[in-house]
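Its first residue numbered 47, the sequence shown is counted upward by one per residue in our numbering.
For each residue, glycine too, the CB sits at the ideal point set by N, CA and C.
First comes the structure, then the notes that go with it.
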Amino acid sequence: MNSSFLAVLVAGALLLQTVPLSWGASQEILRPRVPRDQIDAARAVTNPLPASDEMIASGKALFEGKAFCKACHGADGKGLGGDIAPGSLKGPLPRNFTDRAWQAARTDGELFWILKNGSKGTAMAPFIPLVLTEEEAWQVLLYVRSFGRP
Ligand code: HEC
């Protein structure tokens, strides 16, 4: 192996390592929220409801109504809504639901786990069972998923 070929290999390896670092912000968003010892069980859970127009409409009504998801996630699902000033939330900002990479990184079961347990150290609180029944939570998640479609 000649030395210039080796140099190309080394440069390639370095590039592979630095690319994920330059994506630091999105890496943090994609980091699983469910603790490692619970994630397999969480991922095994699937949405029992069909993604019908009716179910998505029920989810939208909950998202914008009694479950007040809209206050932090915005009616457009992109993050902070007009109701909460940036900086008034402690910890990480609400998720942008239109982010396709984030949508692809999460299973329905992980999102359901978040609605049950919240996301520790952030403003994302548990909503089941105090605000949402499990069935309502699945409807809201169908709506959350609909933000990820083109
Ligand atoms: C008080 C503000 C607030 C409200 C209200 C709120 N959220 Fe969140 N939500 C957040 C924040 C902040 C995060 C980011 C948490 C993190 O980075 O771990 C988040 C994250 C999430 C996530 C992504 C978790 C992940 O795995 O990346 C989902 C799904 C979610 N919220 C759904 C909802 C739904 C559905 C509702 C309504 C039932 C709701 N949220 C209401 C603040 C809020």
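Whole-Å CB distance - Phe173 paired with Leu161, under 8 Å assumed: Contact between Phe173 and Leu161 is confirmed by a C-beta separation of about 5 Å, below the 8 Å threshold.
Out of Ala147, Asp99, Trp184 and Leu108, state which residue places its alpha-carbon closest to the alpha-carbon of Thr92. Trp184
Taking 7 Å as the line, does the beta carbon of Phe173 fall inside it for any heavy atom of the ligand HEC? yes
For Cys115, I'd like the list of residues in its chain whose CB is within less than 6 Å of its CB, leaving aside the five on either flank, ordered along the chain. Phe109
Within 10 angstroms of the Cβ of Leu178, are there 16 or more other Cβ atoms? Answer buried if so, exposed if not. buried
For Cys118, the nearest candidate out of Pro196, Pro175, Glu181 and Met170 (CA to CA): Met170
When you compare the CB positions of Leu157 and Ala97, do they come within less than 8 Å of one another, or not? no
Is Val190 close to the ligand HEC? I mean its beta-carbon at under 7 Å from any heavy atom of the ligand. Checking every heavy atom of the ligand HEC against the Cβ of Val190, one is found closer than 7 Å.
For Ser68, which residues from the same chain have a beta carbon less than 7 Å from its beta carbon, with the 5 sequence-adjacent residues on both sides left out? Residue placement at Ser68 is poorly supported in this model, since its pLDDT is 42, which falls under 50; the coordinates are not used for a value here.
Tell me whether Ala121 sits in a helix, a strand or coil according to DSSP, three-state version. Here Ala121 sits in coil by DSSP.
Taking the alpha carbon of Pro78 as the reference point, which residue from Ser192, Asp145, Ser165 and Gly123 has its own alpha carbon closest? The candidate whose alpha carbon is nearest that of Pro78 is Ser165.
Give the secondary structure of Asn163 by DSSP, where H, G and I count as helix, E and B as strand, and everything else as coil. helix
Would you mind listing the alpha helix (DSSP H) stretches within the segment 86-140 that are 4+ residues and don't spill past its ends, in chain order? 99-110 and 115-119
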